[in-house]
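Notes to accompany the following structure.
Chains as they are written, first to last, in this note's numbering: chain A, 14 to 151; chain B, 29 to 113.
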């Protein structure tokens, strides 16, 4: 039963955020465990009592510490339609990357309401396309 | 300190930090550590960026922030789900 549950959960995980998105996260940084994390936290907590998710994505680039607030890795609250636990981090970032799973409608930077957000970058990942990463800039 | 003010007025903000450094550790191994700490405080090397996952056809922020509800790391979202298996 436990094994089946795991398989189902994995499927659910794939449905909720695609392998392409995971691949993209792998490109921009490393998965880190927040518990006991001693590096730059970017407002996330490394204590078990304050839950800001178990994992996050972090990278060091050219001497800079970069912490990514990944919406799907931040805590999900089934009772909160707005998902404020996620929004309070992403909404306070100046730069946000929008990963669009499939090129559908063009993402509008006005979609996310924030007083801080200044730049939105949208990434479209086409796995069957020779041009792997298409970047749209505003 | 006055020389610094005349020579480099743009560093006026550093004055207090420098005083702090010189008063807490005039000489000794701590000085190097204090200087590194001071330098880190003056230069911002830490950045945070948001990453949101947007599925096809999603144009509402509540939908987008609700993505990834079933990730194993989110115990809250999975509690009722596993019991039904």
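Every residue gets a Cβ at the ideal spot worked out from N, C-alpha and C, and that includes glycine.
| Item | Value |
| --- | --- |
| Runs of alpha helix (DSSP H) wholly within the segment 64-131 of chain A (minimum 4 residues, chain order) | 97-103 |
| Contact list for residue 78/A against chain B, beta-carbon separation under 8 Å | 73, 74 and 75 |
| Test: residue 100/A CB closer than 7 Å to a CB of chain C | Among the chains of the structure shown, chain C does not appear; the protein chains present are A and B. |
| As assigned by DSSP and simplified to three states, the class of residue 85/B | coil |
| Every unbroken alpha helix (DSSP H) within the segment 57-84 of chain B, with a cutoff of 4 residues, ordered by chain | 57-70 |
| Cut-off 6 Å between Cβ atoms - residues of its own chain near residue 64/A, not counting five sequence neighbours on either side | 88 |
| The segment 85-97 of chain B in contact with the segment 122-129 of chain A per 3-pair CB rule at 8 Å | yes |
| Residue 82/A vs residue 103/A beta-carbon contact at 7 Å | yes |
| Element boundaries [alpha helix (DSSP H), containing residue 33/A] | 32-41 |
| Beta-carbon neighbours of residue 9/B, restricted to chain A and to distances below 8 Å | What the structure shows of chain B is the stretch from 29 to 113, and residue 9/B is not part of that stretch, so it cannot be assessed. |
| Beta-carbon neighbours of residue 128/A, restricted to chain B and to distances below 9 Å | Within 9 Å Cβ-Cβ: nothing; residue 128/A doesn't reach chain B, min ~14 Å. |
| C-alpha gap between residue 41/A and residue 63/B, whole angstroms | 32 Å |
| Residue 90/A vs residue 98/A beta-carbon contact at 7 Å | yes |
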